[in-house]
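Take a look at the structure set out below.
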Ligand code: X2X
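Numbering (our numbering), first residue to last: 95 to 432.
As structure tokens, then:
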């Protein structure tokens, strides 16, 4: 009799384990644009490793950089999460803006003056609103990190005024707000994926691009003719750590908590990583870029003004698209951060 009870219990345990195993996938696919040479890719790896460790391998996440799950077309990443092609992502607001117009908030030219202002956006009521929007769109948002302030580089000349930008062919990212912004500044913007951008710079098919300094340096853009860099800080793109709702529903309550906690930890570490070496206290990354032969132009507030004025109509047009209330909330949060 005793033996029988033991056997029944054993069967129950085993069958529940089998059910568990059937519900969890052997591998969960996490999409990013940049790989582990960059803060962005490191953040994704960190998230995956923390989850693997803390779930004792129950949730096994593999990182797919280069948005390889959507053939490198980063503007299709968000749709692919909704369609179940991608299980998790650490994604930039810029790449998801074609599907979620409110994410263009971060791309409004010169909305966000510095990291303090950026922090006010990713921590307060603005982030809450955006999380609610993402949730409605079919993903579970868990944390926000940062790609970084996007600075302008080119192969032709130092840029200190919109006139210097005139006619330059600039590679821009997925959302049409960038076409509008660079057109307003007199440049000739052309949209392409990150994968296409590097060969286009190398062959001088385009003159310039804009990306955070950590990306500029790790991608060695000085080796693809990018000799001039302007620090204008016209926007920074956040990175959203999300899980597909379908996948989320498969996980136990306890595992969800682990995934959420790990996302928060990876995002907090990413903020430190993404900002390293580009502050007045620690400018090691900037020095390295200069040592690579790049001329850096640092815009003064006065020099930034004509850029801001030229892009104001773009700001106003896109504030309507984003939603006036959300923009007002963002402006209030930034003002309070001063
Ligand atoms: O494509 C870019 O420029 C990048 C890597 O910064 C983004 O994915 C937004």
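We treat Cβ as the ideally placed atom computed from N, Cα and C, and that holds for glycine.
If you check the CB distance, residue 329 and residue 201 come in under 9 Å. In this structure, the beta-carbon distance from residue 273 to residue 302 does not fall below 9 Å. When beta bridges are read from the DSSP output, residue 310 appears opposite no residue. In the three-state reduction of the DSSP assignment, residue 207 falls in the coil class.
DSSP, read as helix, strand or coil, puts residue 319 in coil. If only complete runs of 4 or more residues are kept, the region 324-359 shows the alpha helix (DSSP H) at 339-344, in order along the chain. A straight line joining the alpha-carbon of residue 347 with that of residue 149 spans about 12 Å. Relative to the ligand X2X, residue 128 has its C-beta within less than 8 Å of a heavy atom. Shown here, residue 236 sits in a strand according to DSSP, grouped into three states. By DSSP's assignment, residue 133 forms no beta bridge with any residue. Nearest to residue 379 by alpha-carbon distance, out of 371, 386, 266, is 371. Using a Cβ distance threshold of 9 Å, residue 242 and residue 306 count as a contacting pair. In this structure residue 427 is buried. Its beta-carbon is surrounded by 16 or more other beta-carbon atoms within 10 angstroms.
Short of 6 Å from the beta carbon of residue 164, and not among the five residues preceding or following it, lie these beta carbons of its own chain, in chain order: 170, 171, 174. Scanning 142, 130, 402, 229 for the CA closest to the CA of residue 359 turns up 142. The shortest C-alpha to C-alpha distance from residue 327 to any of 375, 363, 350, 244 is the one to 244. Taking all protein chains in view, the Cβ of residue 396 is surrounded by fewer than 16 other Cβ atoms within 10 Å, so the residue is classified as exposed.
Pairing residue 260 with residue 281 gives a Cβ-Cβ distance under 9 Å. Annotated as distal: residue 197 and residue 236, with beta-carbon spacing of 9 Å or more. For residue 263, there is no enclosing alpha helix (DSSP H); the residue is part of the beta strand (DSSP E) that begins and ends at 263-266. With a cutoff of 9 Å on beta-carbon distance, residue 144 and residue 239 are scored as not near each other.
Residue 146 and residue 153 have their C-alpha atoms roughly 6 Å apart. Secondary-structure assignment with DSSP links residue 283 through a beta bridge to 264.
Distance from the C-beta of residue 308 to the nearest heavy atom of the ligand X2X is not below 8 Å.
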